[in-house]
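Visitor: Position one of the sequence shown corresponds to residue 23 (the working numbering), numbered consecutively onward. The beta carbon of each residue, even a glycine, is placed where N, CA and C say it ideally should be. Bear in mind that the values here come from a model prediction, so they are computed numbers and not experimental data. Submitted below is the structure of interest, expressed as structure tokens.
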Amino acid sequence: MTPRRAREGSGLWVTFEGGDGSGKTTQAGLLQQWLQASGRSVVRTREPGGTDVGRLVRDIVLHHRGDIAPRAEALLYAADRAHHIATVVRPALERGDVVIQDRYLDSSVAYQGAGRVLDPAEIRELSLWATAGALPDLTVLLDLDPHSARARLDADDKPFDRLEAERGEFHERVRAAFLELAAAEPDRFLVLEAARPVDELAAAVRARVESLLDAQGAVGPNA
Ligand code: TYD
Numbered sequence: 023m024t025p026r027r028a029r030e031g032s033g034l035w036v037t038f039e040g041g042d043g044s045g046k047t048t049q050a051g052l053l054q055q056w057l058q059a060s061g062r063s064v065v066r067t068r069e070p071g072g073t074d075v076g077r078l079v080r081d082i083v084l085h086h087r088g089d090i091a092p093r094a095e096a097l098l099y100a101a102d103r104a105h106h107i108a109t110v111v112r113p114a115l116e117r118g119d120v121v122i123q124d125r126y127l128d129s130s131v132a133y134q135g136a137g138r139v140l141d142p143a144e145i146r147e148l149s150l151w152a153t154a155g156a157l158p159d160l161t162v163l164l165d166l167d168p169h170s171a172r173a174r175l176d177a178d179d180k181p182f183d184r185l186e187a188e189r190g191e192f193h194e195r196v197r198a199a200f201l202e203l204a205a206a207e208p209d210r211f212l213v214l215e216a217a218r219p220v221d222e223l224a225a226a227v228r229a230r231v232e233s234l235l236d237a238q239g240a241v242g243p244n245a
């Protein structure tokens, strides 16, 4: 069963998901610019690492030298998430802000579930427990085949983090898991082919966000 979004407030919560190198950060930035230009108050954030505590967790999960047991890795991401939602995301939504977030629980289901081969349903439940059931209004999935993604990361010239350094088949499983999640919740997800031109993708994201904001306006206090 899909839990209802367990939160108050009139804000809008948009998350971006996809493999490493799929262009989430670019699209999140363009959406932020557009919303701010139209006078909206926007909070731009990310997981892991959207808080001071989260930055410590991020350093462990991405840069620890040596193995981390898969269940420990899952708990670290969930701990980051619990603190982030409680101290950044929920308060922003309660103020009525738009929250634009790089990665959320779908990343855990895809990376720790399918990637690390833990039970995806358990991973989802863990995150929902951590956040008291918070689910975004919209999740944009930027879908890209792992070969093209790897080429983009190689061109970037930054050293790979622990997850990026995983083998190709890991990233194939992650991709398939994201697509399955999107198919299971078509109302929450907007799936876009990340190889399309940046402007086209941005326009598709804007169109969906605009319709969600219009729908909120229609039932909101000022309607
Ligand atoms: P990412 O947003 O890609 O950071 P950067 O853009 O700086 O590389 O996220 C970092 C990595 O963490 C990415 O490889 C996916 C992974 N990840 C998980 O494995 N589980 C999670 O729950 C989250 C949020 C991220």
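Taking 7 Å as the line, does the beta carbon of T47 fall inside it for any heavy atom of the ligand TYD?
Guide: Answer for T47: yes, Cβ within range of the ligand TYD.
Visitor: With burial defined as no fewer than 16 other Cβ atoms inside 10 Å of the residue's Cβ, what is the status of V220: buried or exposed?
Guide: So V220 ends up on the exposed side.
Visitor: So, does the segment 43 to 56 touch the segment 211 to 220, judging by three or more C-beta pairs under 8 Å?
Guide: Yes, they touch.
Visitor: What are the boundary residues of the beta strand (DSSP E) that includes V139?
Guide: No beta strand (DSSP E) holds V139; DSSP gives it neither H nor E.
Visitor: I'd like to check one pair, A104 with A152: are the Cβ atoms closer than 8 Å?
Guide: Yes, the pair counts as a contact, with Cβ atoms nearer than the cut-off.
Visitor: Within a Cβ cutoff of 8 Å, which residues of the same chain sit near G33, ignoring the five residues on either side of it in sequence?
Guide: These residues qualify, in order along the chain: A114, L115, E116, R117, G118, D119, V120, V121.
Visitor: Quick test of your reading: R210 and L160, contact by CB under 8 Å. State the CB separation rounded to the nearest angstrom.
Guide: Yes, R210 and L160 are in contact; Cβ-Cβ is about 7 Å, under 8 Å.
Visitor: Considering only C-alpha positions, which residue in the set V162, S233, A224, A237 is nearest to L52?
Guide: Measuring from the Cα of L52, the nearest candidate turns out to be A224.
Visitor: Would you report the Cα separation of D165 and G155, rounded to the nearest angstrom?
Guide: For D165 and G155, the distance between alpha carbons rounds to 25 Å.
Visitor: Around the Cβ of G239, are there at least 16 other Cβ atoms within 10 angstroms (buried) or fewer (exposed)?
Guide: Label assigned to G239: exposed.
Visitor: Could you pull out every residue in the same chain whose Cβ sits closer than 7 Å to the Cβ of L148, ignoring the five residues on either side in sequence?
Guide: These residues qualify, in order along the chain: A96, A100.
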